[in-house]
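Residue numbers (the UniProt record's numbering): 1 to 360.
In this text, a Cβ means the ideal position worked out from N, Cα and C, and glycines have one as well.
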């Protein structure tokens with residue numbers, strides 16, 4: 001019997017596997033395809049990413065970002081710049097990040113298996129049974145607990161009838177071969193209840209993307225967006241972005257981490273840092289021998305991220321404000337900022353207040 005079966009080898013799953021294996025647990029990880037593929041997530045991340053990697057900057061780094069230009073219109077419209085006199089974020093090789101984190105998990109002792117699809121999960125008083133389809137057919141694994149790190153449409157969540165996220169947005173990404181070392185991203189508040197973006201990736205090209213609520217024409221809006229920039233994109237991809245964690249992300253012998261638990265930023269949809277932060281809490285708090293410790297995980301990650309997620313919802317609400325209000329607000333606050341891109345609570349930090357007062 002394993003201590004924990006981890007379903008999904010994205011950042012949250014691999015981070016948890018690494019941390020749990022480092023604590024001496026018997027951990028096996030199942031990824032349904034090749035790790036990192038298909039790509040369905042932006043590579044624009046805060047510099048905090050390097051706290052979760054093992055000397056991988058040279059391998060993963062693509063570009064440095066120091067600001068963002070916000071637009072209420074499409075390409076070529078008036079912009080409102082927000083910036084720091086230092087690097088705010090990095091653009092990285094997103095597929096490479098997944099592969100690196102999985103390799104670090106292996107080095108820590110986790111058994112990471114690609115091309116293994118979980119087809120059934122049940123839990124009982126003494127543990128969980130996980131059925132997995134691999135090259136040799138369906139295997140049955142027993143474990144004391146199962147960690148669902150398998151994304152927005154989590155099989156673990158559905159099999160165990162755990163609550164769903166509040167909302168699932170539909171995101172589309174596309175990449176051009178333009179070489180662009182500029183240090184500003186462009187954000188366009190031109191889609192319903194969210195935004196579109198352009199991210200320079202240095203020698204790796206440019207990333208274009210957007211996300212829309214269910215039922216909207218994501219692909220049609222994406223075509224219109226890139227046409228406005230006058231570019232053609234290749235290797236496009238799409239995926240769901242979960243927004244709003246459910247009230248419970250644990251079961252009798254199960255727990256969710258990352259996108260499966262909707263541990264994401266409501267104002268950007270990004271979940272890499274939040275998911276890995278929650279993974280660290282799970283590894284510290286959960287004892288596979290004691291199901292009561294699942295409650296400690298619930299409390300720990302929510303205490304850490306609750307305020308950030310709550311304020312993130314407030315920031316996102318501004319995307320749907322009437323355009324005159326958007327323009328007035330951006331005009332009032334544009335310029336140098338003191339905000340951390342993953343932590344909306346820094347809107348009230350000393351650094352942000354100092355930046356605001358320096359303009360007056």
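If you run the structure through DSSP and keep just helix, strand and coil, what is residue 333?
Helix, per DSSP.
When you compare each of 276, 274, 10 and 32 to residue 135 by their alpha carbons, which one comes out closest?
Nearest option by C-alpha distance: 32.
Drop a sphere of 10 angstroms on the beta-carbon of residue 42, count the other beta-carbons inside from all chains shown, and report buried for 16 or more, exposed for fewer.
By the 10 Å Cβ count, residue 42 comes out buried.
So what's residue 70 in DSSP terms, helix, strand or just coil?
Strand at residue 70.
DSSP on residue 111, reduced to helix/strand/coil?
Correct three-state label for residue 111: strand.
What does the alpha-carbon distance come out to for the pair residue 188 and residue 72?
Roughly 6 angstroms separates the two Cα atoms.
Our contact map puts residue 126 next to residue 7 with C-beta atoms below 8 angstroms; I'd like the distance itself, whole angstroms only.
Not really, about 19 angstroms apart at Cβ, beyond 8 angstroms.
Assuming residue 278 is part of the alpha helix (DSSP H), what are its boundary residues?
Here the alpha helix (DSSP H) through residue 278 covers 272-285.
Please tell me whether residue 118 and residue 95 are closer than 7 angstroms, where the distance is taken between their beta carbons.
It is not a contact, given that the beta carbons lie outside the stated cut-off.
Mind checking who residue 338 pairs with in its DSSP beta bridge?
Answer is none; residue 338 lacks a bridge partner.
Helix, strand or coil, according to DSSP, for residue 15 in the structure here?
Residue 15 falls in the helix class under three-state DSSP.
Using the C-alpha atoms, what's the distance from residue 313 back to residue 264?
Rounded to the nearest angstrom, the two C-alpha atoms are 11 angstroms apart.
Near residue 246, which residues of its chain fall below 8 angstroms by C-beta distance, leaving aside the five closest residues on each side in sequence?
Closer than 8 angstroms at the Cβ level, and outside the excluded window around residue 246, lie 162, 163, 164, 165, 166, 261 and 262.
For residue 4 versus residue 143, is the C-beta spacing smaller than 7 angstroms?
Their beta carbons are under 7 angstroms apart, which means residue 4 touches residue 143 by this criterion.
For residue 387, which beta-bridge partners are listed by DSSP?
In the structure displayed, the chain extends from 1 to 360; residue 387 sits before or after that span and is not available.
Please name the residue, chosen from 145, 121, 62 and 21, that lies closest to residue 289 on a Cα-to-Cα basis.
Comparing Cα-Cα distances from residue 289 to each of 145, 121, 62 and 21, the minimum goes to 145.
When DSSP labels each residue in this structure, what does residue 414 get in the three-state scheme?
This structure leaves residue 414 out entirely; the chain is present only between 1 and 360.
Roughly how many whole angstroms lie between the Cα atoms of residue 308 and residue 76?
When rounded, the distance between both Cα atoms is 32 angstroms.
With respect to the alpha helix (DSSP H) encompassing residue 156, which residues constitute its N-terminal and C-terminal limits?
First-last of the alpha helix (DSSP H) with residue 156: 155-159.
Under a Cβ-count criterion, where at least 16 other Cβ atoms within 10 Å of its own Cβ denotes burial, should residue 235 be classed as buried or exposed?
Exposed is the call here.
Quick one: what's got a C-beta closer than 8 angstroms to residue 195's C-beta in the same chain, skipping five residues either side?
The residues are 187, 188, 189, 210, 211 and 319.
Decide if the region 40-60 is in contact with the region 97-113; the criterion is three or more beta carbon pairs, one per stretch, under 8 angstroms apart.
Segments in contact, yes.
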